[in-house]
Amino acid sequence: MGTTMAGFVRAAAKEKAQALLERESRLALSQRDFAAFARALNRAFRPNPALKRALSEAHRKVRRA
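Going by our numbering, the first residue of the sequence shown is number 1, and it counts up by one from there.
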């Protein structure tokens, strides 16, 4: 007897959860979609108006130590 029933169930659940996370954490893109994604990542960052407002509000609310 190497393990309890509870230990077996925990190990099996952990194994299934790890397999699910590994499978679901990957993103499959077509070549066209990958090219568009890469272009978006490589473009210069320009915050949109909503992000600018959020950053401005955060700066007003948060004091730096």
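No residue lacks a Cβ here, since even glycine has one placed at the ideal position from N, Cα and C.
Cα-Cα separation between residue i and residue j, rounded to whole angstroms
| i | j | result |
| --- | --- | --- |
| Ala-40 | Arg-26 | 19 angstroms |
| Ser-56 | Asn-42 | 25 angstroms |
| Val-62 | Leu-51 | 16 angstroms |
| Ala-38 | Leu-29 | 11 angstroms |
| Thr-4 | Asp-33 | 48 angstroms |
| Ala-19 | Gly-7 | 18 angstroms |
Interface flag, residue i vs chain E, CB-CB below 8 angstroms
| i | result |
| --- | --- |
| Ala-13 | Given the protein chain composition of this structure (a single chain), no chain E is represented. |
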